[in-house]
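Anchor point for the sequence shown: position 123 equals 126 in this note's numbering, and the numbering is continuous, going up by one each time. Where a beta carbon is used, it is the ideal one built from N, C-alpha and C, also for glycine. The structure under discussion appears below in the form of structure tokens.
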Amino acid sequence: MISREQLINFISNPEDDRIEKTESTTDSQKFGEAICSFANDLPNHNKPGYLIIGVKKDNLLNGLMVTEPLLQLLMDFRNDGRIVPPPAITVARFILPDGDVAVVEVQPSTLPPVKFKHQIYIRIGPRRGVANEQEERILNEKRSTNARTYDAFPCLGSTMNDLSMEIFRTVYLPNAIDGETLKANNRESVNQLASLQFYDIKHNCPTVAGILMFGINPMHFLPGAYIQYIRFKGTSVTDEFDLEKKFSGDLTTQMKVLDEFINAQIIKTKAVRKNKSIQEEYFNNYPAWAIREFLFNAIIHRDYQSNSFVKFYEFENCIEITNPGGLYGLVTPENFPRVNDYRNPALAEAVKNLGYVNRFNIGILRAQEELKKNGNNPPDLIINDRYTFSVKIFARIS
4 MISREQLINF ISNPEDDRIE KTESTTDSQK FGEAICSFAN DLPNHNKPGY LIIGVKKDNL
64 LNGLMVTEPL LQLLMDFRND GRIVPPPAIT VARFILPDGD VAVVEVQPST LPPVKFKHQI
124 YIRIGPRRGV ANEQEERILN EKRSTNARTY DAFPCLGSTM NDLSMEIFRT VYLPNAIDGE
184 TLKANNRESV NQLASLQFYD IKHNCPTVAG ILMFGINPMH FLPGAYIQYI RFKGTSVTDE
244 FDLEKKFSGD LTTQMKVLDE FINAQIIKTK AVRKNKSIQE EYFNNYPAWA IREFLFNAII
304 HRDYQSNSFV KFYEFENCIE ITNPGGLYGL VTPENFPRVN DYRNPALAEA VKNLGYVNRF
364 NIGILRAQEE LKKNGNNPPD LIINDRYTFS VKIFARIS
């Protein structure tokens, strides 16, 4: 974060493409656009941008008193899913003689283009606005150069013919782009895919995320890209099983299929009589939301460089979900699940756009809460393995 002296200098000087000042404390639209534009760093400064709150147009302070709710409102932009990929921001309060100032420091994203509410905002000098086609292309090329996660890598050997453009156009785009923008968007399919991180302009081929989301046969390029479900008759993998199913193909379709499968095949409603009452109370063996969250978490966070698959095993007394790839990046056994990091940020963004993730960074916590409300025991999270992540979810028996 900047020093007090740097802040005073920023306040007294005109705005430029790394500084935006405002006296509003409630304009979330303005805040989101500013954070998004700094994260995109179109001028390629490779330095943070700063949103400074509490400064009037004449560069004088407005006597603001910064409160905890205001700081929390600003921090929410990091995790609540309005900005994707999630921005790296720091929020601080500065107490100055003429009033407080809230500062949001925004780091340039290594995975542009960054979008706020499905729009790409950029900043050049004092101007902030929606990126045009050429500006968007520059950001796409920056992403190709900066790509550091496997899902953003080009899937070499693949072509546009390996993607189902019908699924992209009719299922994904209406969820990822607002109707007005989509109606006015006459860009070629390659540029549309690239702007959403599914195509690598430099290598002229789909990215790994593109193949996973819309691939006609993802397993041709990624042999482990499937989910194996087995329902065992007992409590061990050595017991007989009565149902086995393989979920493969594009994730846009398969996540919908999995959602329906959980509700139709796994969730069971049971009746119980309490205190010798003639009336029955009903409960579910599992809360559907929690099962879905743990399973989709395995799909989003798994290591797709591994040829192993996601295991989705149901036993008489529990469900076990295991994915290749242990805790990633900033996440450690000591700070999990309070801290989150994304092995596959492009894939995580795509899944959120389809509505299968509501907010970033809270899925595991909410799943634990849903289990508690349903009367299930706490899940057993196995997080010390370098190569896998596993969760055991215990059924509610009575």
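Candidates the options, of which the one nearest residue i by Cα
i    : options                   : result
S309 : N379, Y390 and N380       : Y390
S2   : P226, V211, V342 and L142 : Residue 2 is absent from the model: the chain starts at 4 and stops at 401.
E23  : I127, G66, T29 and M78    : I127
N49  : I55, F41 and I56          : F41
V275 : I5, T70, P89 and S401     : S401
I55  : R81, C321, T93 and L45    : T93
I38  : S15, I11, N82 and T70     : N82
Q9   : K33, L99 and T28          : L99
N379 : I386, L76, I322 and M4    : I322
A155 : D306, K375 and G66        : D306
N207 : K33, T238 and M163        : M163
V107 : P221, F97 and L246        : F97
F224 : G52, L159, L368 and L350  : L159
Y331 : D388, Y359 and P89        : D388
T70  : P88, Y232, G102 and K376  : G102
T255 : E337, N287 and E169       : E169
P89  : R190, A351 and G358       : A351
P226 : S6, I11, M4 and P327      : P327
V174 : D344, V354, A349 and I5   : V354
Q75  : K33, V87, Q110 and T28    : T28
R21  : G52, S31 and M4           : G52
D253 : N12, G218 and T238        : G218
L368 : D30, R131, R341 and Y345  : R341
N43  : Q110, G358 and Q371       : Q110
N16  : K60, M4, E26 and D30      : K60
Y345 : T238, E337 and L333       : L333
For residue i, the three-state DSSP class (helix, strand or coil)
i    : result
D344 : coil
Y285 : strand
S31  : helix
G213 : helix
V193 : helix
P177 : helix
A105 : strand
C39  : helix
Y331 : coil
N326 : strand
L261 : helix
Nearest-angstrom beta carbon gap, residue j and residue i [assumed within contact, 8 Å]
i    : j    : result
Y124 : E263 : About 36 Å; that fails the 8 Å criterion.
N356 : N178 : 5 Å
F250 : E317 : Not quite, the Cβ-Cβ distance comes to about 14 Å (not below 8 Å), so this is no contact.
S192 : E139 : Incorrect: roughly 14 Å between the Cβ atoms, too far for contact.
L45  : L142 : 7 Å
N347 : F397 : That pair is no contact at about 28 Å.
F315 : L298 : 6 Å
Y232 : M222 : No, Y232 and M222 are not in contact; Cβ-Cβ is about 16 Å, not under 8 Å.
E18  : P129 : 5 Å
E136 : N194 : 7 Å
N288 : R399 : 6 Å
Neighbourhood of residue i by C-beta distance below 6 Å, restricted to the same chain and skipping five residues each side
i    : result
D181 : H121
I385 : S393
A349 : D154, A155, Q200 and A212
N266 : A291
Counted within 10 angstroms of its Cβ, other Cβ atoms place residue i as buried (16 or more) or exposed
i    : result
M216 : buried
Q282 : exposed
T335 : exposed
Y285 : exposed
E296 : buried
M68  : exposed
S112 : buried
H304 : buried
I270 : exposed
Q268 : exposed
G257 : Rather than Gly, the amino acid found at residue 257 in this sequence is Gln. When all chains shown are included, Q257 counts as buried.
P382 : buried
N47  : exposed
T152 : buried
T325 : buried
L246 : exposed
P72  : exposed
G366 : buried
Sequence-distant residues of its chain with Cβ nearer than 8 Å to residue i (five each side left out)
i    : result
L196 : L166, F171, Y202, P209 and G213
E144 : I204 and K205
I14  : K24, I55, V58, N62, L64 and V104
Cβ shell of residue i (< 7 Å), same chain only, five flanking positions each side left out
i    : result
M78  : V94
E373 : P290, W292 and A293
R85  : G35, F119 and K120
K277 : E284
G329 : D388, R389, Y390, T391 and F392
R7   : F97
The ligand ATP heavy atom lying under 8 Å from the CB of residue i
i    : result
Q122 : The model on display carries no ligand, and the ligand ATP is accordingly not part of it.
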